[in-house]
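Engineer:
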Amino acid sequence: MTPTELTRAAQKGDAAAFAALMEMHQNRLYRIAYAYLQNDGDALEAIQEATYRAYRKLKKLKEPTYFSTWLIRILLNYCADERKRKIRFSPVTEIRESGRWDRPEDPDLAAAVAALEPEYKQIIILSYFEGFSLTEVADILEIPAGTVKSRLHRALGKLRDQLEPKGEQSS
Amino acid sequence: MTDEHNPFEALEARLQARKAEYDTMHVPDLAASQAVQSGIRQASHKRKTKLRWLTSSISAAALILLFTGCIRVSPAFASFVEQLPGMEGVVSLIRQDKGLMMAIDQSLLQKVGITDEHDGASVTVEGIITDESRMVIFYKMKGMKDTEKFDYDIDLLDGNGKQLPVAFSYASPKQPSEGQDYEDIIDVSFNESLPPNQLTVVFKNRLEKTNNTWKVTFPVDHNLTKNMKKIVPVNQTITLDGQRFTVEQATLYPTRLVLDIKHDANNTKKIFGINDLQLVDEQGRAWRTDGASIGGYGTSVFFESMYFSIPKKLTLQGSGLTALDKDKLMITIDPSSILIEGGPRDITLLDYKIQGNDTIMHFSVANTENGTSGLSFTNIKDSTGKGFEVKEAGWSPSYEHRLAEAWITIANGAAAKGKLNMEIFSYPVQIRSPFSLEIPVNK
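Going down the list, the sequences are from chains A and B. Here the first sequence stands for residues -18 to 152, where the numbers follow the numbering used here. Here the second sequence stands for residues 6 to 448, where the numbers follow the numbering used here.
1) Is the number of C-beta pairs between the segment 250 to 263 of chain B and the segment 232 to 242 of chain B that are closer than 8 Å three or more?
2) For A:M5, go through chain B and note every residue whose CB falls closer than 9 Å to its CB, in chain order.
3) Determine, using beta-carbon pairs with one atom in the segment 98 to 118 of chain A and one in the segment 31 to 38 of chain A, whether at least three such pairs fall under 8 Å.
4) Whole-angstrom Cβ separation of B:Q248 and B:A126, contact assumed at under 8 Å?
5) Give the secondary structure of B:R437 by DSSP, where H, G and I count as helix, E and B as strand, and everything else as coil.
6) Is it true that the CB of B:V252 sits closer than 7 Å to the CB of B:V237?
7) Cβ of A:Q29 less than 7 Å from any chain B Cβ?
8) Is the distance from the Cβ of B:V117 to the Cβ of B:F223 below 7 Å?
9) Quick check on the DSSP output: the alpha helix (DSSP H) that includes A:I55 runs from which residue to which?
10) By alpha-carbon positions, which one of B:P445, B:L380, B:Q435 and B:P170 ends up nearest to B:T414?
11) I need the boundaries of the beta strand (DSSP E) containing B:H123, first residue and last residue.
12) Give me the Cα-Cα distance between B:D330 and B:Q42, rounded to the nearest whole angstrom.
13) In chain B, which residues lie with their C-beta within 7 Å of the C-beta of A:E98?
14) Should the segment 23 to 30 of chain A be called in touch with the segment -15 to 0 of chain A, which here means at least 3 C-beta pairs below 8 Å?
15) What does A:P85 touch in chain B if you count any residue whose Cβ is under 8 Å from its own?
16) Looking at the secondary structure, which residues open and close the beta strand (DSSP E) in which B:V285 lies?
17) DSSP puts B:P238 in a beta bridge; with which residues?
18) Buried or exposed for B:H449, going by 16 or more other Cβ atoms inside 10 Å?
19) Using a C-beta to C-beta distance shorter than 8 Å, which residues of chain B count as neighbours of A:D21?
20) Below 6 Å CB to CB, which residues in the same chain sit around B:G74 once its five sequence neighbours on both sides are set aside?
21) Please decide whether A:Q58 counts as near chain B, where near means a Cβ-Cβ distance under 7 Å.
22) Shorter than 7 Å from the beta carbon of A:F48 to some beta carbon of chain B?
23) Could you spell out the range, first to last residue, of the alpha helix (DSSP H) harbouring B:T129?
24) Contact check, B:N426 vs B:I315 under 8 Å by CB: the rounded distance?
25) Can you name the residues of chain A whose CB is closer than 7 Å to the CB of B:R19?
26) Using CA coordinates, which residue listed in A:R135, A:R12 and A:A(-3) is at the minimum distance from A:G112?
27) Quick check: the segment 24 to 33 of chain B against the segment -7 to 1 of chain A, are at least 3 beta-carbon pairs closer than 8 Å?
28) Classify B:G361 as helix, strand or coil using the three-state DSSP reduction.
29) Give me the Cα-Cα distance between B:L5 and B:Y357, rounded to the nearest whole angstrom.
30) If we define contact as Cβ-Cβ less than 7 Å, is B:S327 a contact residue for chain A?
31) Pick from A:I124, A:A91 and A:P45: whose alpha carbon is nearest that of A:L144?
32) Measure from the alpha carbon of B:M335 to the alpha carbon of each residue in B:T389, B:I159 and B:S431, then state which is nearest.
33) Can you find the residues in the same chain that come closer than 6 Å, C-beta to C-beta, to A:W51, ignoring five residues on each side of it along the sequence?
34) Roughly how many angstroms separate the alpha carbons of B:F13 and A:R141, rounded to a whole number?
35) According to the neighbour-count rule (16 or more other Cβ atoms, all chains shown, within 10 Å of its Cβ), is B:E346 buried or exposed?
36) In angstroms with no decimal places, state the Cα-to-Cα distance between B:L264 and B:K147.
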């Protein structure tokens, strides 16, 4: 089944179809969540919570072809949620080997991205790391494409300021 | 000078280089699948699972749910199981548990099909799977009005109408879709006694003061799993962070494997749990643990059963301990000054308030790096010696330099007089010390 067919089946209550859909998306969700939250346990928690919210709200998704966009939005909303996250005492994580992401070649840039405010961090992850187009980012964040552009511009400006303090701009 | 056309050219090149690191990020597939499965399980069992202990001898007993090392049964096998007529829905409830799936495959499912019906609503016990250690009861509810509102309590009675000394868990019924029946399971642990020959399940409405109850009594066939219990002696002692515990034995039942672990009475710390426990076979398959019963100096950890698929080699793996100095376990809270006496120095009481009949305490906890469990309490007593129970425990882990926080709701806490004495029952500190140990199941 295609993702859209799976989404339709899941909306009709097919739990296996929903599980299959989530499986297709879980790597992407993990990477986005990890890039955002910078830690394995929190990233897994974010996947669990996004799965939970998506499953509960699935029937409200009007257009099945937008499942991916919608799911990423749910994940990002969770990640950006400033409210205190109350979780159960359940998640137990496996031992994680640190990869290249955790040992960046360019630690200054990595730190600058990690330190961005949520709305800017989101947009850098989506546009540069996930490689979504302007319109896709606009769909995910539910903002006009023009706003994506200006927000992206501001995010890059903030990164540059962070990396090259005023007066010491290199050529 | 910066480029006039694209002022961010250099920065974008650095972001592209970072993207390469992003693309090769290691994704822990197993853990990610587990997170997805947990999310689905959580959503489909909307309200929290209730755990009830009807046993008196295990004080401060608890079932800690540890969702680790899960593998799903292959789709082909699952669809085979689903072909069992009449049990399609409920089988999906146990899809997580390979051992139970195999037990069904071995024809250990006992069909019951007994219904209690009145006032237009019915409860049917469809079937059970049982051995000496565990019983899974599959039931169906039909025609219940306002499932959203009704909150059911379940009682389990023996042939004489006495409550069984067991621990069991079940999820509160959720609102089924229009015209659908509600199907679920009750998972019963027999720790102190064997399953009775006849069992009665009582469903009663908790909120309404009516005597509206549904009762289903059914016989239990013990012959299906008679003499199937296998004991594998292990008797190996492991020392982690100066604390000793002995893995005494593994008991294999068709429905689960029980690993008995005894903590050394001379340990300076109280061990709340052994972290990331899993059993891994020679093919690298993990056998999931779904809960641990803690009581006194020992723990029995339950794993998926491999009874019908004995591995050539089985290794117990763990990543360390969650433990706290024994002299730091008791804390006293003074509601008038919001101060804590005793306990670990890292706990601070931020707020203490009354909400309705309950009390809500808000704590912050420092130095909880890598802690996977939250903060919770047991043996709560006020100055007159009156006991109280934790109704709900919330936990927000620490991240980005923020302290971890905990919310403890104490049922009827408003009635407490004077200072409250509480014993720490779960504490978020992880002592990392990976270990492994062979369990000689095949000897």
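No residue lacks a Cβ here, since even glycine has one placed at the ideal position from N, Cα and C. Nothing here was measured: the structure is a model prediction, and the numbers come from that model.
Structural biologist: A quick look at the data gives this:
1) yes
2) Ordered by position in chain B, no residue passes the 9 Å Cβ test against A:M5, which lies about 11 Å from the chain.
3) no
4) Between B:A126 and B:Q248 the Cβ distance is about 52 Å, and since that is not below 8 Å, they are no contact.
5) strand
6) Judged by beta-carbon spacing, B:V252 lies beyond the 7 Å limit of B:V237, meaning their Cβ atoms are not closer than that value.
7) yes
8) yes
9) That run of the alpha helix (DSSP H) goes F48 to A61.
10) Selected option, being the one with the closest Cα: B:L380.
11) Q115 to H123
12) 35 Å
13) The premise fails here: A:E98 is roughly 12 Å from chain B at the closest Cβ pair, so nothing lies under 7 Å.
14) In this structure the segment 23 to 30 of chain A does not touch the segment -15 to 0 of chain A; the number of beta carbon pairs closer than 8 Å is below three.
15) What A:P85 touches in chain B: R23 and E26.
16) Looking at the DSSP string, the run of the beta strand (DSSP E) that includes B:V285 is Q283 to D286.
17) B:Q254
18) Chain B is shown from 6 up to 448; residue 449 of chain B falls before or after that span and cannot be answered.
19) Simply P33 and A36.
20) Because B:G74 sits at a pLDDT of 23, beneath the cut-off of 50, its placement in the model cannot be relied upon, and the point is left open.
21) Checking the sequence, you will find Asn at residue 58 of chain A rather than Gln. No, A:N58 lies away from the interface with chain B (no Cβ there is under 7 Å from its Cβ).
22) Under the Cβ criterion of 7 Å, A:F48 is not counted among the residues facing chain B.
23) First-last for B:T129: A126 to T135, but that is the beta strand (DSSP E), not the alpha helix (DSSP H).
24) Rounded, the Cβ-Cβ distance is 48 Å, inconsistent with contact.
25) D87 and L90
26) A:R12
27) With the cut-off at 8 Å, the segment -7 to 1 of chain A and the segment 24 to 33 of chain B do not touch.
28) coil
29) What the structure shows of chain B is the stretch from 6 to 448, and residue 5 of chain B is not part of that stretch, so it cannot be assessed.
30) For the sequence presented, residue 327 of chain B should be read as Thr rather than Ser. Not an interface residue.
31) A:A91
32) B:S431
33) L42
34) 8 Å
35) exposed
36) Cα to Cα, the separation comes out at about 38 Å.
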